[in-house]
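Quick notes on the structure that follows.
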Amino acid sequence: MGRILDRLKDIAKFFADFNRGFFEGARENSIRVIKKDAFDANDYFILLCFSDFLGIPSPASYYTLELLPYMAKELEGWEIRMDDKKDILSEQFEKYHFH
Amino acid sequence: MANLKEKEIVFFGGKGGVGKTTCSSAYSLYLSRKGYRTLVLSTDPAHSLGQIFQVDLGAEPRMLEKNLYGIEIDPEKESRKYINSIKEQMKGSFSPIIISQIQQQLDAAYHSPGAEEAAIFDKFIEVIDMVGGEYERVVFDTAPTGHTLRLLSLPELMGGWLQGMIQRRKNINDMMKMASVADKSLAERVKEDPVLDILNRRKESFEKARTFIIDDKRAGFVFVVNAQRLPILETDKAINYLERNGVHVEGVIVNRVMPENIDSDFWRKRKEVEDKYMEEIQERFGDRILYRIPLMEHDISGYESIDSVARIFE
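The listed protein sequences derive, respectively, from chains A and B.
When we follow our numbering, the leftmost residue of the first sequence carries the number 127, and every step to the right adds one.
When we follow our numbering, the leftmost residue of the second sequence carries the number 351, and every step to the right adds one.
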């Protein structure tokens with residue numbers, strides 16, 4: 127009787143661990159994807175604002191200048207990332223963990 | 351011109367050299383004498399407005415006569431003011447390295463396409479805010495046609511772009527908020543977004559300007575034309591363009607009409623050429639011809655001569 131109870135406890139614990147790992151893991155994964163999408167979208171937004179800086183003229187560049195005081199911090203990292211955008215495919219696949 | 355003086359803002363447009371500045375300065379003088387507190391402004395780099403009134407005009411309103419004030423908008427000065435204020439904002443918060451990198455871009459901005467129109471339009475927005483308050487009437491002596499058409503299209507062009515950028519930024523902020531559930535530092539970042547605030551403020555000021563410009567009870571456009579081929583063609587096209595974009599064109603003023611009594615054969619022949627063009631003007635703009643201003647014996651410079659033109663508006 128005791129052994130069956132222990133066995134049941136082990137099984138219950140296994141399912142608790144499994145549920146936690148499975149659902150939280152999926153949640154962490156989707157948060158990671160959303161975060162990457164957010165940062166990618168932000169990089170694109172910066173590109174639209176400051177394409178001038180990469181040598182691509184924009185009709186709105188006069189107006190985006192007033193955004194500089196609030197976005198200048200992000201520019202250095204952004205320029206480096208723009209330079210590194212060599213392998214776009216691998217970047218896209220990376221977020222889905224196809225290894 | 352029965353209705354014209356009811357409009358709070360009147361733009362005078364037309365091909366270079368037809369007498370826009372003469373007409374707009376005479377009209378603004380007429381308004382001021384009718385008792386309206388009037389502001390006349392020009393973007394002409396050749397300072398013809400100041401020259402006509404024989405006064406040095408600048409970015410701050412200067413009194414020309416009782417009830418009449420004048421401004422000359424210098425787009426380069428305006429863009430410099432704008433860029434310098436951005437540089438000021440950045441001084442305290444960033445390392446000199448970042449600032450010097452951005453300095454280059456900021457200094458190059460004067461020459462970017464559209465910077466001139468953008469600077470003029472910003473000043474124009476400032477002036478619109480003064481209508482109904484400091485000034486009851488605003489008369490805008492515009493730059494030659496092409497520039498003006500681009501200027502007036504600005505709110506619509508930029509409105510679309512701004513809306514797109516605002517939507518993008520909102521989406522980014524939403525995504526960051528979702529991702530910040532697991533990341534405290536990210537949560538801090540998405541609390542307020544000054545970038546979104548600035549974009550929204552811009553969008554609102556453009557909308558306000560556009561609403562004013564297309565409100566045919568408050569704003570009107572007048573074209574000055576000479577009885578010559580190119581001014582007529584250009585004006586016809588420009589009127590079509592403006593009306594297609596919702597800007598109401600009040601009418602056309604024919605300037606420099608030759609007198610009827612002519613002695614010399616040479617000038618009579620010139621008058622015949624002019625008559626042909628006057629017919630064409632009648633055909634194309636018939637019901638819109640507001641005034642015909644005669645060719646004067648003297649140059650238009652100084653109050654007396656502007657006065658002689660201003661009487662036409664009575």
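No residue lacks a Cβ here, since even glycine has one placed at the ideal position from N, Cα and C.
Note that this is a predicted model, so its numbers are computed, not measured.
- Exposure of K135 of chain A, with buried meaning 16 or more beta-carbon neighbours within 10 Å: exposed
- So is the beta-carbon of H461 of chain B under 7 Å away from any non-hydrogen atom of the ligand ADP? Among the components modelled here there is no ligand, and therefore nothing to report on the ligand ADP.
- Beta-carbon proximity list for V540 of chain B, same chain, < 7 Å, skipping 5 on both sides: N523, M526, K527 and S530
- Should E467 of chain B be labelled buried (16 or more other beta-carbon atoms within 10 Å of its own) or exposed? buried
- Reducing DSSP to helix, strand and coil, say where S530 of chain B ends up. helix
- State buried or exposed for L583 of chain B, treating a residue as buried only when at least 16 other CB atoms are found within 10 Å of its CB. exposed
- Item | chain B contact for F171 of chain A (CB, 8 Å cutoff) | yes
- Message: From the DSSP secondary-structure annotation, give me the bridge partner or partners of I298 of chain B.
- Response: Any answer about residue 298 of chain B is impossible in this case: the structure gives chain B only from 351 up to 664.
- Item | Coarse secondary structure for T492 of chain B, derived from DSSP in three states | coil
- Message: Using 8 Å as the threshold, is the C-beta distance between E425 of chain B and I475 of chain B below it?
- Response: Glu is not the amino acid found at residue 425 of chain B; the sequence shown has Pro there. No.
- Item | Three-way DSSP call (helix, strand, coil) for G420 of chain B in this model | strand
- Message: DSSP three-state label for F141 of chain A, please.
- Response: helix
- Bridge partners of L507 of chain B, per DSSP? The partner list for L507 of chain B (beta bridge, DSSP) is empty, contrary to what the question assumes.
- Message: Please list, in chain order, the residues of the region 459-486 of chain B that have any C-beta partner in chain A closer than 7 Å.
- Response: A459, S462, P463, G464, A465 and A468
- Message: In the DSSP assignment, the alpha helix (DSSP H) including I582 of chain B goes from what residue to what residue?
- Response: R579 to R594
- Message: If we define contact as Cβ-Cβ less than 8 Å, is N168 of chain A a contact residue for chain B?
- Response: yes
- Query: Taking E428 of chain B as the reference, which of B:A465, B:Y386, B:V623 and B:E654 has the closest Cα?
  - Reply: B:A465
- Go ahead and pull the three-state DSSP assignment for Y485 of chain B. strand
- For E202 of chain A, decide whether its Cβ has a neighbour in chain B, counting only Cβ atoms nearer than 8 Å. yes
- Per DSSP, the bridge partner or partners of G363 of chain B: B:F573
- Message: Please state the DSSP three-state secondary structure of V405 of chain B.
- Response: coil
- Message: Do V574 of chain B and E600 of chain B count as a contact pair if the criterion is CB distance below 8 Å?
- Response: no
- Could you tell me the boundaries of the beta strand (DSSP E) in which R412 of chain B lies? R412 to E415
- Quick one: what's got a C-beta closer than 7 Å to L501 of chain B's C-beta in the same chain, skipping five residues either side? E467, I470 and F471
- Message: For M127 of chain A, would you say it is in contact with chain B, using Cβ-to-Cβ distances shorter than 8 Å as the test?
- Response: no
- Message: Going by beta-carbon coordinates alone, are I631 of chain B and V488 of chain B separated by less than 8 Å?
- Response: no
- Message: By the DSSP assignment, the beta strand (DSSP E) with T393 of chain B in it spans what residues?
- Response: Segment: none, T393 of chain B is in no beta strand (DSSP E) and carries neither H nor E.
- Nearest-angstrom Cα distance between G367 of chain B and H497 of chain B? 15 Å
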